[in-house]
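All residue numbers for the sequence shown refer to full-length UniProt numbering, where the first residue is 1 and numbers rise by one.
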Amino acid sequence: MTATDRATELITVAAQAAADKLAHDIIAYDVSDVLAITDAFLLASAPNDRQVRAIVDAVEEQLREKLDAKPVRREGEREGRWVLLDYVDIVVHVQHSEERVFYALERLWKDCPRLELPPDAEATRGAGAADDGREDSP
């Protein structure tokens, strides 16, 4: 199984919204083969709580405006260190850089295929401290 077209569309819009708010280390994984509850994860980081919240707000706004999508669940918004937005087809994780390094979600999902992201989002790779253990091709 692979991520649905709807999941891919949601990931693309969410990744661009995160990049527009200067998120770093934006990565998307197709988790449809290993999880029954969602098709894809989007991970993004920010260096402070305020920026985490700004990224979350932008992702929600863009998904609502462009795709009429609303999260069915939100977690972590009060603390602003790790906010999760559950859209059923995708789950968006926006983490403070310290949480991103500590929890290392990339290591959990590194065997899952990555989804292609918009160029602006791809350009954020390496801007923060997250590492999924993969080497980039030359």
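Quick reminder that beta carbons are idealized off the backbone N, C-alpha and C, glycines included.
Backbone secondary structure at residue i - three-state DSSP
| i | result |
| --- | --- |
| Val52 | helix |
| Tyr103 | helix |
Of the residues the options, the one placed nearest residue i, counting alpha carbons only
| i | options | result |
| --- | --- | --- |
| Asp57 | Arg114, Leu105, Ala17 and Trp82 | Ala17 |
| Trp109 | Leu22, Thr12 and Ile27 | Ile27 |
| Glu65 | Val88, Val13 and Asp120 | Val13 |
Nonlocal neighbours in the same chain, by C-beta distance under 7 Å from residue i, ignoring five residues either side
| i | result |
| --- | --- |
| Leu105 | Leu43 and His93 |
| Ala3 | Asp30, Ser32, Asp39, Ala40 and Leu115 |
| Leu35 | none |
Contacts around residue i, its chain only, beta-carbon distance under 8 Å, and the 5 residues preceding and following it disregarded
| i | result |
| --- | --- |
| Gly76 | Trp82, Val83 and Leu84 |
| Val72 | Asp86, Tyr87 and Val88 |
Beta-carbon contacts of residue i that lie in its chain and below 6 Å, excluding the five residues immediately before and after
| i | result |
| --- | --- |
| Gln95 | Ser45 and Trp82 |
| Arg6 | Asp89 |
Cβ pair residue i, residue j closer than 9 Å
| i | j | result |
| --- | --- | --- |
| Gly80 | Asp111 | no |
| Arg100 | Asp25 | yes |
Supposed contact pair residue j and residue i - C-beta distance, whole angstroms, cut 8 Å
| i | j | result |
| --- | --- | --- |
| Lys21 | Ala54 | 5 Å |
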